[in-house]
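K.L.:
Below: one structure in structure tokens.
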Amino acid sequence: MAIFSRIGAALSLSGIALVMTSGAASGAVVNYIAHLDGLTESPPNFSPATGTALIDIDTVALTMRVRATFSGLIGTTTVAHIHSATPMPFTGTAGVATTTPTFPGFPVGVTSGSYDMTFDMTMASSFNPAFVTANGGTVADARTALWNSFGAGTAYFNLHTSAFGGGEIRGFLRLDATAIPLPTPALMGLAGFGVVAGVRRRRGA
């Protein structure tokens, strides 16, 4: 019984280490999501298009990953970016906060597509210069203002098209409660090490 207790303890400790390490890693990344549609635009429109924008903020590496998918647009894409900050959460309009005139490499002239780009948020080129000026004048101040806006519900992803110059579909960013970070291979190895160590102690006994 003592042998099995030691094995159980080893498994438990390895599991605790995995959870703690995984929690620390995931704590550096904050995930936001926006569901894009025409009714959320200002003014609303009846575009049948839909889309999703996923924004992953790494508060340690100071990066921002932008992923988007969209389909069914009436017009063809012209520009896309994040606007911030509206006077009230989840309503209203604001100026462009990110790279102008559009996200680099964002698909143009299409009615459906996808996008995936990671930005270094220590670089001035990741921002609209006017947004930096309006928020303290430094990149660090602008970064803080933008990320606070995400958490406050006053930032939105906007996709503009040839049919809707002010934006065909948009969505306000919200915390993505469904984003659950998976253990990395290194963390899985840590858990496995705990199991092996427990078995070896059992054999030694």
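Residue 1303 is where the sequence shown starts when you use our numbering, and the numbers rise one by one after that.
Here a beta-carbon is modelled for each residue, glycine too, at the ideal position from N, C-alpha and C.
Just checking my contact of Val-1398 with His-1385 at CB under 8 Å: how many whole Å lie between their CB atoms?
P.N.:
At roughly 6 Å, the Cβ-Cβ gap stays under 8 Å, so Val-1398 and His-1385 are in contact.
K.L.:
Across the segment 1410-1426 and the segment 1389-1396, are there enough close Cβ pairs to call them in contact, namely three or more that are closer than 8 Å?
P.N.:
No, the segment 1410-1426 does not touch the segment 1389-1396.
K.L.:
Do Asp-1422 and Thr-1463 have their beta-carbon atoms positioned less than 9 Å apart in this structure?
P.N.:
No, these two residues do not count as a Cβ contact at 9 Å.
K.L.:
Answer yes or no: does any C-beta atom of chain D fall closer than 9 Å to that of Arg-1476?
P.N.:
Checking the listed chains, one finds no chain D in this structure; it contains a single protein chain.
K.L.:
Please identify the residue among Phe-1452, Gly-1467, Pro-1403, Ala-1465 whose C-alpha is closest to the C-alpha of Asn-1333.
P.N.:
The shortest Cα separation from Asn-1333 among Phe-1452, Gly-1467, Pro-1403, Ala-1465 belongs to Phe-1452.
K.L.:
Under 8 Å Cβ to Cβ from Thr-1401, same chain only, skipping five residues before and after it: list those, please.
P.N.:
Excluding positions up to five away in sequence, the list reads His-1383, Phe-1421, Ser-1427, Ser-1428, Phe-1429, Asn-1430.
K.L.:
Measure the C-alpha to C-alpha separation of Ala-1432 and Arg-1445 and round it to an integer number of angstroms.
P.N.:
One C-alpha to the other measures close to 13 Å.
K.L.:
From this set, Leu-1375, Phe-1372, Thr-1361, Pro-1409, which residue's C-alpha is nearest Val-1381's C-alpha?
P.N.:
Taking only the C-alpha atoms, the option nearest Val-1381 is Pro-1409.
K.L.:
With burial defined as no fewer than 16 other Cβ atoms inside 10 Å of the residue's Cβ, what is the status of Ala-1351: buried or exposed?
P.N.:
The residue is buried, with at least 16 neighbouring Cβ atoms inside 10 Å.
K.L.:
Use the C-beta contact count for Asp-1339: other C-beta atoms within 10 angstroms, 16 or more gives buried, fewer gives exposed.
P.N.:
Looking at its Cβ environment, which holds 16 or more other Cβ atoms inside 10 Å, Asp-1339 is buried.
K.L.:
Which runs of the alpha helix (DSSP H) at least 4 residues long sit entirely within the segment 1346-1421? Give them in chain order.
P.N.:
Those alpha helix (DSSP H) runs which fall completely within the segment 1346-1421 and span 4+ residues do not exist here.
K.L.:
Among residues of its own chain, excluding the 5 on either side of Thr-1361, which ones have a beta-carbon nearer than 6 Å to its beta-carbon?
P.N.:
Only Ala-1330 meet the Cβ criterion.
K.L.:
Give the DSSP-derived three-state secondary structure of Phe-1466 in the structure shown.
P.N.:
Note: Phe-1466 maps to coil in three-state DSSP.
K.L.:
Three-state secondary structure (DSSP) at Ala-1444?
P.N.:
Note: Ala-1444 maps to helix in three-state DSSP.
K.L.:
What residues match up with Phe-1459 in a beta bridge as DSSP calls it?
P.N.:
According to DSSP, which records beta bridges pairwise, Phe-1459 is partnered with Ile-1384, Gly-1473.
K.L.:
Residues in its own chain within less than 8 Å of Ala-1454 by CB, not counting five upstream and five downstream?
P.N.:
Excluding residues within five positions, the ones whose Cβ falls inside 8 Å are Ala-1387, Pro-1391.
K.L.:
Quick check: what's the CA-CA separation for Phe-1474 versus His-1337?
P.N.:
Answer to the nearest angstrom: the Cα atoms are 7 Å apart.
K.L.:
Can you name the residues that DSSP bridges to Asp-1339?
P.N.:
Paired residue(s): Thr-1352, Arg-1472.
K.L.:
Does the beta-carbon distance from Gly-1469 to Glu-1343 come in below 9 Å?
P.N.:
Cβ atoms of Gly-1469 and Glu-1343: closer than 9 Å.
K.L.:
Determine the DSSP secondary structure at Asp-1478, reduced to helix, strand or coil.
P.N.:
Residue state, collapsed to three classes: coil.
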